[in-house]
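One structure is given here, and the rest of the page talks about it.
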Amino acid sequence: MTYGAANAAGDGDGGNQSRDQPKFPLVCSWRFVVVIVAFVGAVLHATMRNMIGMTMVCMVNATDGNGDDNDTLVSDLLRGNRTNKISTAVKCRPPLELTDDYHHGEFEWTKDEQNFVISANAVGQLVGLSLAGMATHNLWLMFVATLFGSIFTFIFPMAAHMGSNYAFYSRVGVGVCTGISWPCIHTIIGKWCHKDELSYLNSLVSGGRQISVVVSTPVAAYFCKQFYLWGGVEREV
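The numbering used here numbers the first residue of the sequence shown as 19 and each following residue consecutively.
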């Protein structure tokens, strides 16, 4: 007996309807599998959006985009012109023996270009969310959005080597696709789960986005430090 059949059988006995409804176990059920898959998807979705902020540190040359003010301040300091403003700026710079570690980024992007690339995903999501309503009623649109989101994610490294503008457009494409597919997750939960379970199951799925913040930042930092990842060997050669 399904939930719908139980509701139909209890229409004539409104007072006992809630007591007569059969209770199906959540664990070891297909709808629990759907919730777990949706939870993992939420973690990956938010990780893809948040990790770019940390990986940008590894991608960009740390001395590029600092502006001419800092360079002028250091030059004045070397000439003996000491001011409070100069000493404050120098404290923010790494020691001379550690400067080699701050030059490993291969992209010479300014701060404005970095900000555009980081915010591109949010810009795309604004567009994608306006189309999400159609995707919830058209399954093919969700599949298309997922496919193109994977493609835009795959080509992002190549786009970054072509220039910050191409990286921006790639991230916008990812944002549009994720903006379309993300609301579909809650639609799937609403169709697979009973109304009494929707509140805590949707909370479980949405909690994946918060967990991704805890996971994505240290993972991205770990990857940035690995010599055999992200072209470390190529830079040494």
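Glycine included, every Cβ here is placed at the ideal spot set by N, Cα and C. Computed from a predicted structure; not experimentally measured.
Please report how far the alpha carbon of Cys242 lies from the alpha carbon of Cys76, in whole angstroms.
C-alpha separation (whole angstroms): 6 Å.
Alpha carbon of Gly151 to alpha carbon of Pro175, nearest angstrom
Their Cα atoms are separated by approximately 31 Å.
Check the DSSP bridge columns for Val78 and list the partner residues they point to.
Beta-bridge partners assigned by DSSP to Val78: Phe125.
Buried or exposed: Gly225, going by 16 or more other Cβ atoms within 10 Å of its Cβ?
Gly225 counts as exposed, since fewer than 16 other C-beta atoms from the protein chains shown sit within 10 angstroms of its C-beta.
Helix, strand or coil at Asp130 according to DSSP, with G and I counted as helix
In this structure, Asp130 counts as helix in the three-state DSSP scheme.
Kindly give me the distance between the Cβ atoms of Gln132 and Gly197, rounded to whole angstroms, as I take these residues to be in contact under 8 Å.
Between Gly197 and Gln132 the Cβ distance is about 22 Å, and since that is not below 8 Å, they are no contact.
Residue from Ile70, His212, Ala163 and Trp200 whose Cα sits closest to the Cα of Ser137:
For Ser137, the closest of Ile70, His212, Ala163 and Trp200 by C-alpha to C-alpha distance is Ile70.
For Val58 and Gly181, I'd like the C-alpha separation in whole angstroms.
Approximately 32 Å between the Cα atoms of the pair.
Decide if Trp127 is buried, meaning its Cβ has at least 16 other Cβ atoms within 10 Å, or exposed.
Buried, by the Cβ-count rule.
Does the distance from the C-beta atom of Cys202 to that of Ala153 stay below 7 Å?
Yes, the pair counts as a contact, with Cβ atoms nearer than the cut-off.
Is the region 226 to 241 touching the region 59 to 67 in the sense that three or more CB pairs, one from each, lie closer than 8 Å?
With the cut-off at 8 Å, the region 59 to 67 and the region 226 to 241 touch.
Closer than 6 Å by C-beta to Phe166: which residues in its own chain qualify, once you throw out the five before and the five after it? Chain order, please.
The beta carbon of Phe166 sits closer than 6 Å to those of Cys195, all from its chain and outside the five residues before and after it, given in chain order.
Classify Ser47 as helix, strand or coil using the three-state DSSP reduction.
Ser47: coil per DSSP, three-state reduction.
For Lys243, which of helix, strand or coil comes out of DSSP?
Collapsing the DSSP output to three states places Lys243 in a helix.
Measuring straight from C-alpha to C-alpha, what distance separates Val162 and Ile207?
Straight through space, the alpha carbons of Ile207 and Val162 are spaced by roughly 20 Å.
Check the C-beta distance from Phe125 over to Asn79 and give it rounded, since I have them as a contact under 8 Å.
So it is a contact: roughly 7 Å between Cβ atoms.
For Ser199, which residues from the same chain have a beta carbon less than 6 Å from its beta carbon, with the 5 sequence-adjacent residues on both sides left out?
Contacts found: Met160, Ala163 and Thr164.
Kindly indicate the opening and closing residues of the alpha helix (DSSP H) around Cys195.
That run of the alpha helix (DSSP H) goes Ser182 to Trp210.
Residue burial classification, Ser217 (beta-carbon count within 10 angstroms, cutoff 16):
Ser217 sits exposed, since fewer than 16 C-beta atoms from the chains shown fall within 10 Å of its C-beta.
Ignore the nearest five residues each way along the sequence and tell me which others in Val61's own chain have a CB closer than 8 Å to its CB.
Same-chain partners within the cutoff: Gly226, Arg227, Ile229, Ser230 and Val233.
Determine the closest residue to Arg189 out of His212, Lys209, Leu147 and Val135, with distance taken between C-alpha atoms.
When each option's Cα is compared against that of Arg189, the closest is Val135.
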